[in-house]
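Asks: Taking full-length UniProt numbering, I'd label the letters of the sequence shown as residues 1 to 88. For glycine and all other residues, C-beta sits at the position ideal for the given N, C-alpha and C.
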Amino acid sequence: MQNTNSQRNASMKIKFEFPNGYKSEMQSARDANDFDAWVIRKFIRPVRALISEQFRMDIQPDHFTIDFVEDEDAEAFLTVIGGRAVYE
Numbered sequence: 001m002q003n004t005n006s007q008r009n010a011s012m013k014i015k016f017e018f019p020n021g022y023k024s025e026m027q028s029a030r031d032a033n034d035f036d037a038w039v040i041r042k043f044i045r046p047v048r049a050l051i052s053e054q055f056r057m058d059i060q061p062d063h064f065t066i067d068f069v070e071d072e073d074a075e076a077f078l079t080v081i082g083g084r085a086v087y088e
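(1) Under the three-state reduction of DSSP, which class applies to Ile66: helix, strand or coil?
(2) Kindly list the residues whose CB is nearer than 8 Å to the CB of Thr65, restricted to its own chain and excluding five residues on each side of it in sequence; keep chain order.
(3) Is it buried or exposed for Asp62, if we count other Cβ within 10 angstroms and need 16 for buried?
(4) Indicate whether the contact test is met: 3 or more Cβ pairs, each with one atom in the region 67-78 and one in the region 27-34, closer than 8 Å.
(5) Grab the span of the beta strand (DSSP E) containing Arg84 for me, first residue to last.
(6) Quick one: Cα of Gly82 to Cα of Ile51, how far?
(7) Which residue comes first and which comes last in the beta strand (DSSP E) that contains Lys42?
(8) In the DSSP output, which residue or residues are listed as bridge partners for Arg56?
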């Protein structure tokens with residue numbers, strides 16, 4: 001049987017809730033008006049070499065969601081950073 005993209009899940013969404021241990025860093029980033037950039041530095045840079053450019057992020061005050069086009073990217077993110085898969 002041939003494996004085609006249409007047979008695979010189109011995308012995988014991950015939700016990452018910020019642990020309480022980051023509250024001080026998060027507040028400093030907010031005070032500096034740099035919160036979104038802080039999230040990217042803290043949680044995307046460590047996995048950047050492992051994932052493609054094909055994802056969308058939604059950053060909220062207490063969590064972020066990241067919607068990956070490729071399941072492999074989502075799996076790499078879950079392995080390195082954590083979070084949980086969200087099925088809608």
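Replies: Here's the rundown:
(1) strand
(2) In the same chain as Thr65, and ignoring 5 residues on each side of it, the C-beta atoms closer than 8 Å to its own belong to Lys13, Ile14, Lys15, Phe16, Met57, Asp58, Val86, in chain order.
(3) exposed
(4) no
(5) 84-86
(6) 14 Å
(7) From DSSP, Lys42 is part of no beta strand (DSSP E); its letter is neither H nor E.
(8) Partner residues in the beta bridge of Arg56, as assigned by DSSP, are Asp67.
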